[in-house]
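Below is one structure; the comments refer to it alone.
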Amino acid sequence: MSLLTVRDLVVEFPTPKGTVRAVDGLSFTVDEGRTLGIVGESGSGKSVTSLAIMGLHDKAQVSGSIDLAGTEVVGADREKVRALRGRRVAMIFQDPLSSLHPHYRVGEQIAEARRLHFGASRRAAHKHAVQLLADVGIPHPDERAGDYPHQFSGGMRQRVMIAMALACEPDLLIADEPTTALDVTVQAQILELIARIQRERGLAVLMITHDLGVVARVADDVLVMYAGRAVEQATADELFAGPRHPYTRGLLGSLPRLTGPPGELTPIPGAPPSLLRPPAGCPFHPRCSERIDVCETTRPALQGAPHPAACHLLTIEKEVAG
Ligand code: SF4
Numbered sequence: 026m027s028l029l030t031v032r033d034l035v036v037e038f039p040t041p042k043g044t045v046r047a048v049d050g051l052s053f054t055v056d057e058g059r060t061l062g063i064v065g066e067s068g069s070g071k072s073v074t075s076l077a078i079m080g081l082h083d084k085a086q087v088s089g090s091i092d093l094a095g096t097e098v099v100g101a102d103r104e105k106v107r108a109l110r111g112r113r114v115a116m117i118f119q120d121p122l123s124s125l126h127p128h129y130r131v132g133e134q135i136a137e138a139r140r141l142h143f144g145a146s147r148r149a150a151h152k153h154a155v156q157l158l159a160d161v162g163i164p165h166p167d168e169r170a171g172d173y174p175h176q177f178s179g180g181m182r183q184r185v186m187i188a189m190a191l192a193c194e195p196d197l198l199i200a201d202e203p204t205t206a207l208d209v210t211v212q213a214q215i216l217e218l219i220a221r222i223q224r225e226r227g228l229a230v231l232m233i234t235h236d237l238g239v240v241a242r243v244a245d246d247v248l249v250m251y252a253g254r255a256v257e258q259a260t261a262d263e264l265f266a267g268p269r270h271p272y273t274r275g276l277l278g279s280l281p282r283l284t285g286p287p288g289e290l291t292p293i294p295g296a297p298p299s300l301l302r303p304p305a306g307c308p309f310h311p312r313c314s315e316r317i318d319v320c321e322t323t324r325p326a327l328q329g330a331p332h333p334a335a336c337h338l339l340t341i342e343k344e345v346a347g
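The opening position of the sequence shown corresponds to residue 26 in the working numbering, with each subsequent residue numbered one higher.
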């Protein structure tokens with residue numbers, strides 16, 4: 026059953042130089058108990074999408090629909106959105122320090138969220154906070170609850186952030202590049218923790234990342250974004266077995282092999298386009314080695330089987346095969 030349904034989402038930012046359309050007609054669903062990985066380079070619109078779901082875009086014009094567990098987020102008043110945040114949906118970021126208050130003990134911060142949303146007593150909320158710290162693998166949680174954020178290492182701080190996100194038992198956890206700042210070993214541990222929590226609690230998880238390696242470790246389903254749009258949508262198994270879009274293949278080519286001997290890495294040439302003046306036609310065409318004439322003038326639709334992708338080559342292949 027779908028927990029989150031996003032339909033025709035458009036997020037625009039007015040700037041002195043014109044309007045930046047950061048998300049351009051995005052649709053996807055996240056089912057209960059599943060993990061969707063949204064992957065793309067910086068500027069693809071993936072983080073803007075997650076902030077729209079959290080109702081955190083004060084300066085943006087948001088249209089379309091974001092249905093979270095039966096509640097419409099787009100156009101909802103601030104109080105309604107605030108009630109959803111924390112209670113139904115929680116978010117963890119790349120930098121936990123941006124979300125943790127430096128001058129409060131971590132146990133107090135976790136307990137505070139519980140008290141606020143559940144009306145728990147001080148004592149019950151503290152006990153729950155210590156239990157959460159234990160659940161996310163913080164050694165000596167009773168003592169560590171009394172420490173301040175700066176007394177934790179980067180990986181441990183991310184564990185604290187996850188404990189805080191779980192304090193109100195959300196249905197959906199949004200993780201925005203949660204491991205990007207961590208070294209490889211700690212990164213694997215945090216991804217394993219998120220996967221374990223997802224399994225044990227039956228959470229839905231939205232994993233925002235630039236790294237298909239992260240997607241390979243945790244996601245059931247994948248949405249590949251480029252220039253504010255979905256360019257490919259599939260289950261993780263399908264995507265890794267048969268990527269259909271040249272951009273997805275480019276991302277895979279720049280990914281170190283997860284198993285076996287290291288292969289040659291081929292980064293995608295060029296940079297993502299300016300969203301102030303995106304290229305005509307397929308926005309990936311200036312970087313695409315497979316482009317044909319129509320790519321420069323006509324935007325490809327997201328369509329086709331075995332899973333949808335937005336590329337003219339796929340339509341032509343189908344016509345040739347038909
Ligand atoms: Fe490349 Fe054209 Fe496909 Fe875009 S539509 S990805 S430019 S081949």
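Note that CB positions come from ideal geometry on N, CA and C, so glycine has one too.
- Counting of Cβ neighbours within 10 angstroms places Gln156 among the exposed residues, the total staying below 16.
- Selection Val243, Val73, His153, Pro174 evaluated against Leu228 yields Val243 as nearest (Cα-Cα).
- According to DSSP, residue pairing for Thr40 in a beta bridge involves Gly43.
- Between Ala190 and Leu198 the beta-carbon gap is near 6 angstroms, inside 8 angstroms, which marks them as a contact.
- DSSP places Tyr272 inside the alpha helix (DSSP H), whose first and last residues are 271 to 278.
- Secondary structure at Thr60: strand, using DSSP grouped into helix, strand and coil.
- As the crow flies, the alpha-carbon of Leu76 is around 11 angstroms from that of Ala85.
- Glu257 counts as buried, since no fewer than 16 other beta carbons sit within 10 angstroms of its beta carbon.
- Counted as a single uninterrupted DSSP element, the stretch harbouring Arg147 is not any beta strand (DSSP E) but the alpha helix (DSSP H) occupying residues 147 to 160.
- Rounded to the nearest angstrom, the gap between the Cα atoms of Arg269 and Phe143 is 46 angstroms.
- Between Leu125 and Met186 the beta-carbon gap is near 7 angstroms, inside 8 angstroms, which marks them as a contact.
- Proximity to Pro174 across Gly62, Ser123, Thr205, Ala136 peaks at Ser123, based on C-alpha coordinates.
- Ser69 is classed as buried because its beta carbon has at least 16 other beta carbons within 10 Å across all chains shown.
- Runs of the alpha helix (DSSP H) lying entirely within the region 78 to 132, each at least 4 residues long, are 103 to 112 in chain order.
- Remark: the shortest separation between the CB of Gly171 and any heavy atom of the ligand SF4 does not fall under 8 angstroms.
- By the Cβ neighbour-count rule, Met116 is buried, with 16 or more other Cβ atoms within 10 Å of its own.
- With a 10 Å radius around the Cβ and a threshold of 16 neighbouring Cβ atoms, Asp83 comes out exposed.
- Here Leu216 has Thr204, Val239, Arg242, Val243 as same chain residues with Cβ atoms under 7 angstroms from its own Cβ, once five neighbours each way along the sequence are excluded.
- Here the alpha carbons of Leu301 and Gly43 stand approximately 7 angstroms from one another.
- Inter-segment contact for the region 159 to 167 and the region 95 to 109 is absent: fewer than three beta-carbon pairs are separated by less than 8 angstroms.
- Annotation: the continuous alpha helix (DSSP H) that includes Ile215 extends over 209 to 226.
- At a Cβ-Cβ threshold of 9 angstroms, Asp245 and Ala261 count as neighbours.
- Under the DSSP assignment, Gln258 falls outside any alpha helix (DSSP H), being part of the beta strand (DSSP E) whose first and last residues are 254 to 260.
- Those residues that have a beta carbon less than 5 angstroms away from any non-hydrogen atom of the ligand SF4 are, in order along the chain, Pro271, Cys307, Phe309, His310, Cys313, Glu315, Arg316, Cys320, Pro325, Cys336, His337, Leu338.
- Boundaries of the beta strand (DSSP E) around Asp201: 197 to 201.
- Using a 10 angstroms sphere on the CB of Tyr129, the tally of other CB atoms stays under 16, which defines it as exposed.
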